[in-house]
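Chains as they are written, first to last, in our numbering: chain G, 1 to 505; chain R, 1 to 358.
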Amino acid sequence: MFKSHVLPEYLATIDTDKCIRCKRCIHNCGWGVYSWSGERVLIDTQKCVKCLRCYHYCPVEAIEIEDSKTRYKDNSSWTYKNIRNIKKQAETGGMPLSGMGCDLPLPILFDNMLLDACQVTNPSIDPLREPMELRTYLGKKPDKLEVERTKDGKLKLKEGFKMTPQIKLDAPFMFSPMSFGSISLNAQKVLAMAAKECGIVMNTGEGSLHEDLLPYTDHVMVQVASGRFGVNPDYLNAGVACEIKIGQGAKPGIGGHLPGEKIPLQVAKTRMIPVGSDALSPAPQHDIYSIEDLRQLIYALKEATEYKKPISVKIATVHNVAAIASGIVRAGADIVYLDGFRGGTGAAPNVIRDHMGIPIEHAIAAVDERLRQEGIRNEASVVAAGGIRSAGDAAKAIALGADAVAIGTAALMTMGCTVCGKCYTGNCSWGITTQRPELTARLDPEIFGERLANLIRSWKHELMEVLGALGVNSIESLRGSRERIRGIGLDTETLDMLGIKAAGT
Amino acid sequence: MTHNFQKDIAGCGLTGLIDKKGKGVDGSHIKTSLSLMTDRGNGLGAGYAAYGIYPEFEDYYAFHVMYDFESSRMEVEEILKANYDIEKKEEIPTAKVESIVINPLLMRYFVKPKAEKIRPGSNEKDFVVQFVMKVNSEIEGAYVFSSGKNMGAFKGVGNPQEIGDFFKIEEYTGYIWTGHTRFPTNTPGWWGGAHPFTLLDWSIVHNGEISSYGINKRYLEMYGYKLTLLTDTEVVAYLFDLLVRRHGLDIKTACTVLAAPFWKDIDRLDDDEREAYTTLRSTYASALLNGPFSLLFGHSKGLVGINDRIKLRPLVAATKGDMTYMASEESAIREICPDPERVWAPRAGDPVIVEREG
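Structure representation (structure tokens):
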């Protein structure tokens, strides 16, 4: 066999003067970069993915992971990435894959938007001293409400009126769907514990619900995707809502393939498939070839849950997203979940991930506006995901028109993820996107559940500060309030599309 | 373009009074009260609304319309003639006021919609609203000051005394009066931009800045309202119209939507009430008025005063006999009612609702 012509991406080095031969790096690396020679640590740098697990666990800071100095000759057209992919494809004949979202330097419109703040004519509000409300209800709202007054003047809903089911969120945040199988059970437990702690919701993804998550089902949304893994009436009724997954921002139009190596007993049991068999999620749902079929599945789920759970439909944001979303709402969905093209994934072919879909900023703006034009914005809530990196992004997404945002990658970062992008290999040294027991055991749900809860707490505080500076004390006064955003460095067409004015106007 | 947000920024003073027995008082009272707060404005806008001023035409919609150009008058009158029976048409009487050098043409019409023009399934009030929206948004130089029955708005660029003198408001007798003086920071210096803002017989005078204007505007647009007046105050008038007239909420409930109780307070209610408030608030989330405001909302049957939910603008109320007074400053009340029986500062978000008896 020839030596590979694919250049190693990273150069792992150990300062032998500092190294105390404790072998922790060997133990911690899920990739097999390090091995023991008998007297020192050997390094196979070709295998390094720069996840930095070894760096963090080296007690004497002897390890450095640098970008490999040897690069192909500079060329703006034939970039390092292009050349490297071609060599890899030539050697394997396979499609280059990636984990996580698109990493190309495409415009991030959140970074071209700025929020307003109060000066003089209206007072800003101090969230440390005044009430500041983030509570959000997701689900269909009636167009209008009929109320009555009791004899003693108390407000009462009109006899016989029943509000459609809602998801109550203490803050407009959710965790994106990530299945057991694609991530470890411990990683799902981290999400569930933090969701419970923060009064928000995690999403099972399409891998069904492991029994260990049953104590958290008040904070769980269950998902039905094309593989229909582990879908049964108990599952559908277990959480606070059901979601039909049509598409994923990182890989619109294609399905999923969890290799048999990632299907040990627990995953197999939860998904209700044989141990070691490949878990295939077809590209389309084979009972949904058009909108009328989606309507039937939405109502099948509503029937199965006795109209007690909101039904969410998750789509990747593609070119015609506004019309698609409108169809989904008219088909009866209570929530439309928009996943932008920068959204994460456990595995996607690079050609799909890097070249398909549209950014979430455009999608929120288009969908919110279209639903308003059609007079059906109240019929469904809009959740935005795919590239939400901070509370600032969340505030802008909400101001553009989202009811809530969902985060996946950011949540995984609290568990150690450094976005190395090798989730699909099943070797995650942080114990997140792996089923290898020696790796998953290192992710302690209690410790990392607390860290993730901390992130949400921090974002809550940040969002409250933003609201206070804007002079409002409730999140619904920011939602869809595009008047509070200005664009910088955007052309007229983009500003009009986003429905915002240019800075200075 | 829906994102052509043009928010007016202004500080203000407001005052209002109601005789709940429906007995009229002349306009000199409100002018005296408002003039005391002249320093809360900067002379760039003042106005009055009065109810009960046209008893001889009480069954007719009284349209107060301003025109910048003769051509806009002709255009509006053509539409009026085609759609309404016009009982009377006249210039609104005005007096010469030295400081008011130029003013638009100000006309009033007493009209009834032609029954055959109203689409099946629609109604007279919707028909009038559509007419007002059309004039305000589509006919350049024309703007409807008010469109209710037996009521009218009188407003313009000037201070309270000047505008009151100009319109000779002491010659009108009404059972509800509101007045407003403004301190705009970026005014287009436009007569239509002064308060009150009205629609049908709703009228609003408002002190504050609606920080949630962006979403309130987009919410109303979903229901066909066209927000054209370069100010955030019109959202209040249209929200009342939507909630009370079109959705049939009582005024107290509508106030609960506009200045919603905090979740922490809703959570403490008993089950039925908690469910009602939770549903109401989440259904009408986009109608919540956020940011500092005090406002008076007049309608043919009463007067309502309300503050934002943390009271970031002043509002004082007082009663004496059948009269209720509300104003930005207590002094503005005492100027016309030196010995009120009760004076109080309404709590944040807690409306003062006075209904006309009978």
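Built from N, CA and C at the ideal position, the CB exists for glycine as well. Remember, it's a predicted structure, so these values are computed and weren't measured experimentally.
In its chain, beyond the 5 residues on either side, 26, 41, 42 and 44 have a beta carbon closer than 8 Å to the beta carbon of residue 35(G). DSSP, reduced to helix, strand and coil, places residue 319(G) outside both helices and strands of the structure shown, so it counts as coil. Following the DSSP letters along the chain, one finds residue 60(R) in no alpha helix (DSSP H), marked with neither H nor E. Interface flag for residue 133(G) against chain R is set, since a Cβ pair is found closer than 7 Å.
For residue 169(G), no alpha helix (DSSP H) encloses it; the enclosing beta strand (DSSP E) starts and ends at 167 to 169.
Here DSSP, grouped into helix, strand and coil, assigns residue 234(G) to helix. The residues 238 and 239, in chain order, have a CB closer than 6 Å to that of residue 217(G) in the same chain once the five nearest residues on each side in sequence are set aside. DSSP links residue 35(G) through a beta bridge to 42(G). The beta-carbon of residue 471(G) is placed less than 7 Å from the nearest beta-carbon of chain R. The alpha-carbon separation between residue 413(G) and residue 138(R) amounts to approximately 54 Å. With respect to the 7 Å criterion, residue 365(G) and residue 498(G) are classified as neighbours on the basis of their beta carbons. Around the C-beta of residue 310(G), 16 or more other C-beta atoms lie within 10 Å, and the residue is accordingly described as buried. Scanning the region 225 to 280 of chain G from its first residue to its last, the whole beta strand (DSSP E) runs of 3-plus residues come out as 241 to 245 and 256 to 258. In the structure shown, the three-state DSSP call for residue 320(R) is strand. For residue 82(G), the closest Cβ of chain R is not nearer than 7 Å. In the same chain as residue 80(G), and ignoring 5 residues on each side of it, the C-beta atoms closer than 7 Å to its own belong to 71 and 72, in chain order.
Bounds of any alpha helix (DSSP H) do not take in residue 207(R); it lies within the beta strand (DSSP E) bounded by 202 to 208. Between the C-alpha atoms of residue 83(R) and residue 220(R) there is a straight-line separation of about 25 Å.
For residue 202(G), not one C-beta of chain R is nearer than 7 Å to its own C-beta. By DSSP's assignment, residue 223(G) forms a beta bridge with 243(G).
As DSSP reads the structure, residue 306(R) sits in a beta bridge with 295(R).
Judged by their CB atoms, residue 356(R) and residue 20(R) are nearer to each other than the 7 Å cut-off. Given a length threshold of 3 residues, each whole run of the beta strand (DSSP E) inside the region 103 to 129 of chain R is given here in chain order: 105 to 113. Spanning the alpha carbons of residue 70(R) and residue 80(R) requires a straight line of approximately 15 Å. Straight-line measurement puts the Cα of residue 173(G) at about 7 Å from the Cα of residue 407(G). Scanning its chain for C-beta atoms nearer than 6 Å, with the 5 sequence neighbours on each side dropped, one finds around residue 474(G) the residues 133, in chain order. Two segments are said to touch when three or more pairs of C-beta atoms, one from each, lie closer than 8 Å; by this definition the region 125 to 143 of chain R touches the region 194 to 212 of chain R. Residues of the region 364 to 378 of chain G with a Cβ closer than 7 Å to any Cβ of chain R, in chain order: 372, 375 and 377.
For residue 307(G), the nearest beta carbon of chain R is not closer than 7 Å to its own beta carbon. Residue 181(R) sits close to residue 34(R), with the two beta carbons spaced by under 7 Å. At a cut-off of 7 Å, the C-beta of residue 288(R) has a neighbouring C-beta in chain G.
Per DSSP, reduced to three states, the secondary structure at residue 160(R) is helical. Contact annotation: residue 259(R) and residue 308(R) have beta-carbon atoms nearer than 7 Å. In the DSSP assignment, residue 223(R) falls outside any beta strand (DSSP E) and carries neither an H nor an E.
Judged by DSSP in its simplified three-state form, residue 468(G) adopts helix. Per DSSP, reduced to three states, the secondary structure at residue 212(R) is coil, with no helix or strand assignment.
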